[in-house]
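**Q** I'd like to ask you about the structure that follows.
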Amino acid sequence: MTVDIATLVAILAMAAATVLTRLSGLVLIRHVSLEGSRRKAIESIPPAVLMAVVAPTAFATGIAETLACAVTAFAALRLPMLVSVALGVASVAILRALGL
Amino acid sequence: MNNKMGFQEFLGGMRAISPLIAAVIPIGLVFGAVAATKGLSPAEAGLMSALVFAGGSQFVAMDIWTHPASWTGVGFAALLVNIRHVLMSASLGTRIDGFSQPARYLSMLFLADEIWAMAEFRAKVARLTPAWFAGLVMPFYLAWVVSGIAGAGLGAFLGDPVVLGLDFAFPAVFIVLVMGFWKGPETGAVLLASGAAAVATQHFVPGVWYIAAGALAGLAAAMATGKERDVGVTP
Chain A
253 MTVDIATLVA
263 ILAMAAATVL
273 TRLSGLVLIR
283 HVSLEGSRRK
293 AIESIPPAVL
303 MAVVAPTAFA
313 TGIAETLACA
323 VTAFAALRLP
333 MLVSVALGVA
343 SVAILRALGL
Chain B
400 MNNKMGFQEF
410 LGGMRAISPL
420 IAAVIPIGLV
430 FGAVAATKGL
440 SPAEAGLMSA
450 LVFAGGSQFV
460 AMDIWTHPAS
470 WTGVGFAALL
480 VNIRHVLMSA
490 SLGTRIDGFS
500 QPARYLSMLF
510 LADEIWAMAE
520 FRAKVARLTP
530 AWFAGLVMPF
540 YLAWVVSGIA
550 GAGLGAFLGD
560 PVVLGLDFAF
570 PAVFIVLVMG
580 FWKGPETGAV
590 LLASGAAAVA
600 TQHFVPGVWY
610 IAAGALAGLA
620 AAMATGKERD
630 VGVTP
């Protein structure tokens with residue numbers, strides 16, 4: 253169980269950067285009033301962020317990933333989260349095995 | 400709130416996060432295994448999971464890892480990958496009025512994507528309490544750190560995560576969450592703008608700028624459609 257000093261410093265730098273991003277939103281809303289259209293914009297943040305993270309996987313990685321994303325999305329309309337995720341993982345594994 | 404109610408809330412949070420724990424354990428194992436291939440010890444992988452607690456930036460750090468580690472490189476990458484947390488904490492910050500001031504800041508330290516998304520969901524249907532939030536955080540945090548350490552210890556025994564499709568668990572969770580935030584055509588505009596900007600940016604700009612670009616484009620689309628409607632109703 254060794255911890256290299258350069259590795260530790262790198263981890264601390266990552267942690268500091270992450271904490272900074274997580275706290276600054278909270279500080280930000282103390283100084284900016286949130287009425288009307290700004291409120292609407294805030295409500296659009298969750299889908300905007302989630303979509304930005306998954307878009308390259310969904311649309312620009314491969315046919316297997318795109319199809320599996322579609323399977324997951326359709327499953328999510330009816331099925332519980334864990335089942336939908338399991339279906340997505342299973343489809344991507346099968347599609348990749350088929351060489352897509 | 401009395402203790403019994405607080406405990407019920409805590410259990411409610413645990414129940415809500417449990418499917419995500421099943422999804423995050425394989426991802427944690429994969430992270431640990433990747434970290435081991437980059438020369439990190441289980442202690443170092445565990446330390447990173449415990450202190451950074453942001454999967455996306457940890458995977459990116461493994462992608463660009465060097466020997467000796469470059470704190471400026473991975474620090475800046477973490478800032479860039481996690482810049483979306485500014486928006487996330489601003490958004491969730493408006494939902495936790497009932498939290499004490501120290502609790503507000505403490506909660507935000509654990510703002511991993513999955514925890515944040517579940518908390519936003521909860522706030523849509525009920526009052527989000529500190530106990531419910533703690534019920535989300537504690538098991539998820541433990542699962543992430545322990546699976547990271549285990550993955551680094553097991554290393555090569557785990558097999559190829561890509562063949563098993565386990566690398567897809569994280570995007571799949573996000574897709575399920577995106578579907579849950581659908582509110583009509585205006586959500587469609589947000590998703591379209593965010594997705595298009597993210598794909599275009601990822602294609603032309605190296606690194607992880609695409610996350611920030613997509614998030615901001617989605618936000619801009621929401622503001623634009625919001626304004627249009629304002630114009631529509633005011634004569």
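Note that the protein sequences, when read in sequence, are chains A and B. Following this note's numbering, the residues of the first sequence are numbered contiguously, the last one being 352. Following this note's numbering, the residues of the second sequence are numbered contiguously, the last one being 634. Glycine included, C-beta positions come from ideal geometry on N, C-alpha and C.
1. Which runs of the alpha helix (DSSP H) fall wholly inside the segment 464 to 529 of chain B and span at least 4 residues, in chain order?
2. If you draw a straight line from the alpha carbon of MET507 (chain B) to that of GLY431 (chain B), how long is it in whole angstroms?
3. Between the segment 431 to 458 of chain B and chain A, which residues of the former have CB atoms less than 8 Å from a CB of the latter, in chain order?
4. Taking 9 Å as the CB-CB limit, is GLU408 (chain B) close to chain A?
5. On the three-state DSSP scale, how would you describe TRP531 (chain B)?
6. Buried or exposed for MET303 (chain A), please, with buried defined as at least 16 other CB atoms from any protein chain shown within 10 angstroms of its CB.
7. Given a threshold of 16 other Cβ atoms within 10 Å of its Cβ, counted over all protein chains shown, does PRO501 (chain B) qualify as buried or as exposed?
8. Ordered along the chain, which non-local residues of its own chain (more than five positions away) have a Cβ less than 7 Å from that of ALA568 (chain B)?
9. Suppose the cutoff is 6 Å on Cβ atoms and the five residues either side in sequence are ignored; what does the same chain contact list for GLY412 (chain B) look like?
10. Does any CB atom of chain B fall closer than 9 Å to the CB of ALA294 (chain A)?
11. Comparing C-alpha positions only, which one of A:THR318, A:VAL335, A:ALA300, A:ALA265 sits nearest to GLY617 (chain B)?
12. Assign SER488 (chain B) to one of two classes, buried (16 or more other C-beta atoms within 10 Å of its C-beta) or exposed (fewer than that).
13. For a test of the three-state rule: what should DSSP assign to ALA453 (chain B), helix, strand or coil?
14. Measuring straight from C-alpha to C-alpha, what distance separates GLU443 (chain B) and ALA268 (chain A)?
15. Determine the chain A residues that contact TRP470 (chain B) at a beta-carbon separation under 7 Å, and present them in chain order.
16. ILE514 (chain B) and ILE416 (chain B) - do their beta-carbons sit closer together than 9 Å?
17. In whole angstroms, what separates the C-alpha of ALA460 (chain B) from that of MET622 (chain B)?
18. Counting Cβ pairs closer than 8 Å, one from the segment 477 to 484 of chain B and one from the segment 266 to 284 of chain A, do we hit at least three?
19. Would you say VAL572 (chain B) and ALA325 (chain A) are within 9 Å of each other, going by their C-beta atoms?
20. Output, in sequence order along the chain, the residues in the segment 275 to 290 of chain A whose CB is closer than 7 Å to any CB in chain B.
21. With DSSP collapsed to three states, give me the class of PRO425 (chain B).
22. Indicate the three-state DSSP secondary structure (helix, strand or coil) for PHE580 (chain B) in the structure shown.
23. What in chain A is Cβ-close to ASN481 (chain B), meaning under 7 Å?
24. Secondary structure at ASP256 (chain A), three-state DSSP: helix, strand or coil?
25. State yes or no: is the beta carbon of LEU329 (chain A) nearer than 9 Å to at least one beta carbon in chain B?
26. Closer than 9 Å, CB to CB, is LEU302 (chain A) near chain B or not?
27. Note down the Cα distance separating THR465 (chain B) from LEU260 (chain A), rounded to an integer number of angstroms.
28. What distance in whole Å lies between the Cβ atoms of LEU334 (chain A) and PRO418 (chain B), which are believed to be in contact at a cut-off of 8 Å?
29. Establish whether the CB of LEU334 (chain A) and some CB of chain B are separated by less than 9 Å.
**A** If we stick to the structure as given:
1. Positions of the alpha helix (DSSP H) runs, each at least 4 residues long and wholly inside the segment 464 to 529 of chain B, are given as 470 to 480, 483 to 492, 500 to 507, 512 to 524 in order along the chain.
2. Looking at the two C-alpha atoms, the distance is approximately 24 Å.
3. Across the segment 431 to 458 of chain B, CB contacts with chain A closer than 8 Å involve LEU439, SER440, PRO441, ALA442, GLU443, LEU446, MET447, LEU450, VAL451, PHE452, ALA453, GLY455, SER456, GLN457, in sequence order along the chain.
4. no
5. helix
6. buried
7. With fewer than 16 Cβ atoms within 10 Å of its Cβ, PRO501 (chain B) is classed as exposed.
8. ALA422, PRO425, ILE426
9. TRP531, GLY534, LEU535
10. According to the sequence shown, residue 294 (chain A) is Ile rather than Ala. For ILE294 (chain A), the answer is yes, since a Cβ of chain B falls inside 9 Å of its Cβ.
11. A:ALA300
12. buried
13. coil
14. 16 Å
15. VAL261, ALA262, ALA265
16. yes
17. Looking at the two C-alpha atoms, the distance is approximately 33 Å.
18. yes
19. No, these two residues do not count as a Cβ contact at 9 Å.
20. LEU275, SER276, GLY277, LEU278, LEU280, ILE281, LEU286, SER289
21. DSSP places PRO425 (chain B) in the helix class (H, G or I) of the three-state scheme.
22. PHE580 (chain B): coil per DSSP, three-state reduction.
23. Within chain A, the residues near ASN481 (chain B) are ALA269, THR270, THR273.
24. coil
25. yes
26. yes
27. 13 Å
28. 4 Å
29. yes
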